[in-house]
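First residue of the sequence shown: 23, per the numbering used here; consecutive thereafter. Don't be surprised by glycine CBs; every beta carbon is placed ideally from N, CA and C.
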Amino acid sequence: MPDKEQSNEEGFGKYILIDKLKNKYPEAFGDTGSYGAVSGILCLEGIHFNLVYFPLQHLAYKTVINSIADLYCRNVLPLNIIVNIGLSARFKKPDIENLIEGMLLACKRYGLKISSLDISSSLTGLAISIASTGKRTDGFRQVKAEETDLICVTGDLGAAFLGLQLLERERKVFEATGGAQPKLEGFEYVIGRQLKPDIKVNVLEEIKEEGIATGVIRTVRDGLASEIIHISRETGMGCRIYHDRLPIDRDASAAGRELGFEPLIAALNGGDDFEFVFTAPVSEHAKIEKIEKLSIIGHLVPRSEGNSLVLQDGSLAELKAQGWTESPIR
């Protein structure tokens, strides 16, 4: 659920802001080792979702997914969620039940329990905050990232964002015409990736079973470009990825043609993919190739070379991402 962020005169993004706060108040923030078994998410109506086309059950399910995804990257098995819901006066008891039922569906699928639930009044629509906790597992065989390491990603990219654009298009038509029926036939895959995503836990398990060594691993939540920049900062190196190696599903390509929207942009700067991107030594290449839903999309380079996308004509384009350049403060 990407933020609708806007720039301000300082030109910093939410990740830069978070880093600034951590650096200013180091005593208040633990390191990865101390907070790695906890993750959280805040979703706000009008910022992260639109209830015109987002069923409450699906929204609740997706918010749980959003909360637990990062735990899998940290060798943590999610076990419990702590739920806080803010509701304005237009929501009734059946709406609350739909939200809880959606969360329970996610809990059943991923083996979770709701350990705490609080519901409060809200003046600004619906707000959902979920914190998730779990226990550490043996998990990934992790090594220090090195120059020339491969960059790999699970699944496919951009479909969820293109699904969102289709839903937004049909919403606008519906509102302009006073009730025209949406035309979404043939786009079930991309719509599903937006409204009811899932985490590819099975692919992560295959990575572990093959004994693939990983360096940095991250959830692709705000678009691939954003996570590549995170990897660059965490490793102290540059990243180079290749346009023709990015996994874009044919249904996403079809949706892009329908919308007149370049699927590459959706993959790089869309969001809500809930795939995983990670680095791995070149020596792991053969093991990676064994896993069907893994793609090698690039490699690390010296920091001086920066973060870039190799286009199909061989030219380089600098990678930029919204969360690094735009402010979450309005």
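- With contacts defined by Cβ atoms closer than 8 Å, Val-98 and Arg-158 form a contacting pair.
- A Cβ-Cβ separation of about 3 Å places Ile-263 in contact with Gly-320 under the 8 Å criterion.
- Tyr-264 is bridged by DSSP to Val-332.
- The Cβ atoms of Ile-250 and Asn-329 lie closer than 8 Å to each other.
- Counting C-beta atoms within 10 angstroms of its own C-beta, Ser-89 has 16 or more neighbours from the protein chains shown and is therefore classed as buried.
- By the Cβ neighbour-count rule, Ile-152 is buried, with 16 or more other Cβ atoms within 10 Å of its own.
- Per the Cβ contact rule, the segment 164-178 is not in contact with the segment 199-206 (fewer than 3 Cβ pairs under 8 Å).
- Every beta strand (DSSP E) of 3 residues or more that sits fully in the segment 168-205 is shown, in chain order, as 172-176.
- In the three-state reduction of the DSSP assignment, Ala-276 falls in the helix class.
- Taking C-beta separations shorter than 8 Å and ignoring five residues to either side along the sequence, the partners of Ser-275 in its chain run Pro-285, following chain order.
- Minimum Cα-Cα distance from Glu-297 among the listed residues Ile-150, Lys-46, Lys-42, Ser-248 corresponds to Ser-248.
- Per DSSP, reduced to three states, the secondary structure at Asn-97 is coil, with no helix or strand assignment.
- As summarised for the segment 113-167, the continuous alpha helix (DSSP H) elements at least 4 residues long and confined to that stretch are 115-132, given in chain order.
- Around Gln-79, the same chain offers Asn-120, Leu-121, Glu-123, Gly-124, Leu-127 as residues with beta carbons nearer than 8 Å, after the five sequence neighbours per side are excluded.
- Membership of Leu-286 in the alpha helix (DSSP H) is indicated by the continuous run 285-291.
- Per DSSP, reduced to three states, the secondary structure at Val-74 is coil, with no helix or strand assignment.
- By a beta-carbon distance limit of 8 Å, Gly-180 does not contact Ala-302. Their separation comes to about 23 Å.
- Of the residues Asp-41, Phe-209, Arg-243, the one whose Cα lies closest to the Cα of Asp-220 is Arg-243.
- At the C-beta level, Ile-107 and Ile-136 stay beyond 8 Å of one another.
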